[in-house]
């Protein structure tokens, strides 16, 4: 890091009092600061969007419920709300799609919101996404029917609750990185997803890495970084 | 329980001081008391065998290492040692085999001792066993090649460490009870098998139940009880 | 698995968008896909029933509360709601009963809903069930009065919370498989059933295996598979 | 606490540098300071015995292995070593026995050392002890044969590993306090006794309280205090 | 247990369908079955009271909130509600008091409901109780002022949350049994009382045993059994 | 502790029935008893304030929500409510400020309430506080811009959730004590702050110590004690 | 998956009795089966190498200690042992290097073996690796000096124990995927790496995913898959 | 941080290959880098000492056993070994003592090594230390005799295992910061110090903060920083 770089970087944030908006992130990490909606008021979210909009043309807010989203869209009518994904962002149809694609798989119907968080995150970052939902291992033929297509993608994101076996099975069938996202779906000894997380961390197939419970965003973000590198070759 | 039964039962054990040998168990549970070798001295094991031999003609000692086994076989030359299973018992070739069979599957090479504990337990109880070893889900075609045979068995025992996904996959492919045995094989977040145990308890396929970590004996015992009922129809 | 079987299997599911209904399961596992009501909307449940009804004549929905059940019964007036079991299914009186029977025991009054989930699951699968409720070990004579009848059953399901001692005691008194179901009943160091689960996993009696916390369904399903094999001899 | 009492108490310990021997304890708690041998060198143990012997005529050292005990007995030939209990103490035959008695029960052969620690602790405190060993619930008739005698005791100590069900069963059959001591005997999900501890803490029978894992001493000490109060009426 | 005793015992319960009321318990354990109100409907509680009232003249219902209590008192106007203790029972002023007394101590104001559960339980069992509330160790002089009185009691019950240090301190100052009851009071790393429970299980003072989190009832019950034995000498 | 001191101390509390107000604390610890509002009724809080006001001129109530605060301020109009900190106390502008100052840093916007609890606690104890909010390590230049000022403070308080890395980073950059306060902010494997707590306990930088989850008060109190010693030199 | 593919796949493994060598993996996943040396005997390892050598020209054995490695190299003199990485593999200097490179960073000296496992794994898969060791956050300038070079890599692997803060800091400074590997280095509340694992799972920087404790291999394997995709564009 | 400072800092470490010695730390944190001996070879330790000795005149190595220490002292005869503390450092008698002093207290004899680690760490940093050993709460008068002296110190370090109650008691009696260090002393439910750690984190007395299990060094280091600030006023 040269001295000049350091200097430049130090002056790049917007002080809002309750937050210091990191305006340098797009340069440092290739995508502007993403707003984590949970634990922030709708007013705070709206104010951060205003600050970011002055410098970037893509906005992404995750973990935002219907009520907050409705307020935010009133203030920022140029954004859209993707309810199943709990995401407010720049409209997806205004974003150019990548040539390469990723796959988002989920094991059961209840895992859908996290799968959508992953998929929409990648899409707002310009990545083409194929969805394969309800392909859990208790009826493994549902997965096998699509395995050829999944293999032709460049990254797979596997969203599953309970014992999370889908991550291991997919990890053993593809030659690209698999991001495993445990969900808090389940009951009893599932421990709100901790069991799934530990299980996925122990996945016997190489080529698998793990995100936090319900962190669909993180998986979508990682996948997008890989596809971007591929496109920019 | 009639009064006479209660009375009879009360006088049915052999007092050894350090142990009260349950001589009534064969009548109550269909198989004599099994000796858990771990935590007992070789002299205690040998003395219990002597006590049981007076009343029963099948002996089963589990979790017994080579050194203890060698002492016990000297005292009881009519028994055999199955080293990979850590079992001393009545020679298997002297025991009649059942018509129906069970399957014992294990995911990896390191799970073999527990798989053998399950298999030999069932065999000493007179059950025919088919073994399918190293069929973990990271190379799932190895399992599929045998699925037809596994389906024709009446019980499946699945032995696996790490994330234990094999139990879910098998559980989704058969129409008979599956006993899942987590092993302490793994490292790091495997937590000596606790992760595998929790994962298997959450298996998404119905028809699966779980034993303690490394408890191959329990799975073999349960499976044998089912086959016995089938044979005695 | 022959190639033809694989092929046939691959085309056997019904795509609903939010779910892929596994129409092959009855053939593969002997009973149609069971609908886990929790985490699904009433509309989704109803739609899945419609899909399954086209191919099977027995329907089973578990973990469905009164409000959802009421909606579903309006759409599917041929089904019944068993409120204590939280189950919607084909009316039990229209299903033929097995010759052999199983026992469902529970330790206390609060364990009743899980016990009923187990019992009704078995009944909808055509199994005769005997119920023994509130027979926990703090007044162990209540259990002993029925032990003769319990012994004449072919499978025992033990539902208990707190320390789960009933599973060990029953496991030591019968010669058939015991399925232990920990419940989330208790407080403090019960840890929502985790203590009971761990305790049952360590049950000193052989012949016991364990299901997830509150998973009465799984126990009923396993028991039914065994009885079916006995009847089909 | 009057000022004089406070003053007196403050000057009542013996400074050894590595330890401050509490010479006031016999007055305050009815029995001299007990030496916990584990984590102390044999020289430290011997030196503490010398300090205590100047003021009291009963010595009790727990958790002391054969090698340390051998050294200590050389220095203090008036003491005895009870190997199974890992205890060095004033010879038991020199201590007057109480009129009332307590019962020490253990579930299996491997629990014997902890049971003996409890029993010898009580005996060195002058309490009459009846032992009932290997009476675990998997062969519950072994317990019932002795239940009349156990009921006539004034305190029961239940030592058990694995699921610890014996504590609940005994707790439901007697009208006096039951002290439950979990042991670290078991494997896998026993978690070195944590499962047994949690299970016993949840015992459904009232009248049960719990000690630390393997803390036979604590149970013997508590029981002795109760018997002493009964004798001193 | 003689055969006649066994026989008599077997016929001693009242079948209510949802419960089997243990009418033999008063003979076996010295006090009638206690009703744990949590997890039972108000109608069930009322029905159990009716059943018990036919055979015993003392009734005790714990963990019963205001709304259920109000219904129960309408049906059973001879009972009283002690709101702070969440207990419905036979009026305390109609019960003869013991000569010996016990002490109930609590560390902070928030521990009061559990302390009252312990105290009222003992009182309904006929035991004289002294209360010492808000005597936690952060202001240890508040405890010392009462230590003389506490020492003259025959049992101490220590109710505390957070780190539970009060149990150790009291345990080191008295010569009678101390029952430690962890409460779920605290936040963060208190883990709803698990930290306090584990801490108390490790109390360095001998003569301390532990109950489940918030189990004031169990402590009162144990203490009462000891005092009864003392009175019946 | 001289006898006179002990005597004096013993008579220094105010008995309110539900609480024993520790009037000696200011002398013993340099600051009057602080009222922990959570788990106390508004009436109890108000009554304790009245008791303390008779002896001290500074009042501090933590963890008090808007509704309780409103009641308390009606009764004690001389106090103020600092809503973001959930604190009722003597107005800050009436308290003299220290010469030396401390720094309160927080990683994200959601950590603000805990940061304010720490800051206002220190301020009511007379300490000058500098606030640095939203300086988490994902945009580490925001921290570096202020590092010179932070180094000139005498104590740093670091408030963070999630992985808590900010504590390690700050701990490696300053030469004064760092108090790390984990917050319960996060989701999934954050385990309500337990992960952050464990992480901070393992901070690789020396000079860091840790408080309970969300215990901003404790950090402010510790920091204030250090500054007071510095001022009183 | 076409029928022909399925058929071909089914016949692609080598049956060794104790293992079924997955000869199809190179085709399915782009790299031959890797041998996990831990839990296998030296003879088993050697036999598996022989089987794999018949079909592939790159061999990788991880978690193999000096004694096993010495035996294996005698049998397979064409392989090399990289002691610090505990790896036996095809000599690195015989493998062509990629154009793009990855960075392997570790926080402290004790993390070196895991860092080497990651680095050598990538190198045997043909990837160019830059190493940055002992750059933990307690002396953060050591990291910053290299940040420019790290940014020019395409993947970063961060190996750290204790609180694992390095992963978050690096994750916030680069625009490519970061694989975080917790190590079991630490003591006390580090819980053998579980704390580090949980901490990294909660890393506040997007673009980070996590491997099992000490799983350097997994990180190297993932990184290699990404670089291969980049090179094959 | 000015640009010049940053620049200067960046060039301040010594590259040893296996380590980057942080030569800037003394300037940044007031004391040179301390060597954590555990997990490093004796040769590595010796080499790091050589590197540090070129720039600083005080050396501190913690967690170093007798065998490593003996090698290191041969290479560096100007250093001393304090065996009980497992520390190699600059001889204490060559270091000037502070005017203010701190107190190191430990609860039992087994806590001595950690107490010495804390004490010697502070002493090598030039701080005067008073030791109070074996003052656990089970004989609380041993603590009270010294409370006057402890109060006159400026920091207290409390070292304790088991339930760690000593920290709360001391925290309630002094007006200066208390550093609580849990030790791994104990057994069973002590969980190698985790219970003590959690207990201390919940200490009810304000003014207490907590270090990692067995981290005597951290407590000594923190205490020294405070005393230095006091002396430098």
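Protein chains in written order, with full-length UniProt numbering: chain D, 1 to 233; chain Z, 1 to 233; chain L, 1 to 233; chain G, 1 to 233; chain H, 1 to 233; chain A, 1 to 233; chain X, 1 to 233; chain P, 1 to 233.
Beta carbons are placed, not taken as given, at the ideal position from N, Cα and C, and that holds for glycine.
In this structure, residue 223/X lies near residue 155/X, with their beta-carbon atoms less than 8 Å apart. Residue range 42-53 is occupied by the alpha helix (DSSP H) that includes residue 47/X, with no beta strand (DSSP E) assigned at that position. Between the region 135-142 of chain G and the region 187-196 of chain G, the count of C-beta pairs closer than 8 Å stays below three; the two stretches do not touch. Neighbours of residue 19/G in chain P, taken as residues whose beta carbon is under 9 Å from its own, are 108, 109, 133 and 134 in chain order. By the 16-neighbour rule on beta-carbons within 10 angstroms, residue 46/P is buried. Within its own chain, the residues whose Cβ lies closer than 6 Å to the Cβ of residue 115/G, once the five positions on either side in sequence are excluded, are 104, 106 and 159, listed in chain order. At a cut-off of 8 Å, the C-beta of residue 28/G has a neighbouring C-beta in chain H. Contact between residue 121/L and residue 217/L is confirmed by a C-beta separation of about 5 Å, below the 8 Å threshold.
In the DSSP assignment, residue 81/X is bridged to 88/X. Between the region 90-105 of chain A and the region 194-213 of chain A, the count of Cβ pairs shorter than 8 Å is below three; the stretches do not touch. Taken in chain order, the members of the region 174-194 of chain H whose beta-carbon sits within less than 8 Å of a beta-carbon on chain G are 174, 175, 176, 177 and 179. CA-to-CA, the gap between residue 13/D and residue 51/D works out to about 10 Å. If one requires a minimum length of 3 residues, the beta strand (DSSP E) runs lying completely within the UniProt domain "PurE" (100-232) of chain G are 101-106, 128-133, 155-160, 178-182 and 208-210, in chain order.
Relative to the Cα of residue 16/D, the nearest Cα in the group 109/A, 15/A, 146/A and 26/A belongs to 109/A. In this structure residue 72/P touches residue 88/P by the C-beta definition: roughly 6 Å separates them, less than 8 Å.
Cβ contact annotation for residue 214/H (same chain, cutoff 6 Å, sequence separation greater than five): 114, 183 and 184, in chain order.
Here residue 131/X is exposed, its C-beta having fewer than 16 other C-beta atoms within 10 Å. Where residue 60/Z is concerned, the enclosing beta strand (DSSP E) starts and stops at 60-62. Straight across, the Cα-Cα distance linking residue 206/H with residue 79/G is about 22 Å. Interface criterion met: the Cβ of residue 206/H is under 8 Å from a Cβ in chain G.
Within chain X, no residue has its beta carbon less than 9 Å from that of residue 162/D; the closest one is some 18 Å off.
Contact check for residue 65/D against residue 96/D fails: the beta carbons are separated by 8 Å or more.
Linking residue 43/P to residue 19/P through their CA atoms gives a straight-line distance of about 13 Å.
Taken through DSSP and simplified to helix, strand or coil, residue 66/A comes out as helix. Bounds of the alpha helix (DSSP H) holding residue 26/H are 25-29.
Taking 7 Å as the Cβ-Cβ cut-off, the region 212-233 of chain H has no residue approaching chain A. Residue contact check for residue 44/X against chain Z: a CB pair falls below 8 Å.
Looking at the DSSP output, residue 15/L shares a beta bridge with 20/L. Interface with chain G (8 Å Cβ-Cβ cutoff): residue 115/L is excluded.
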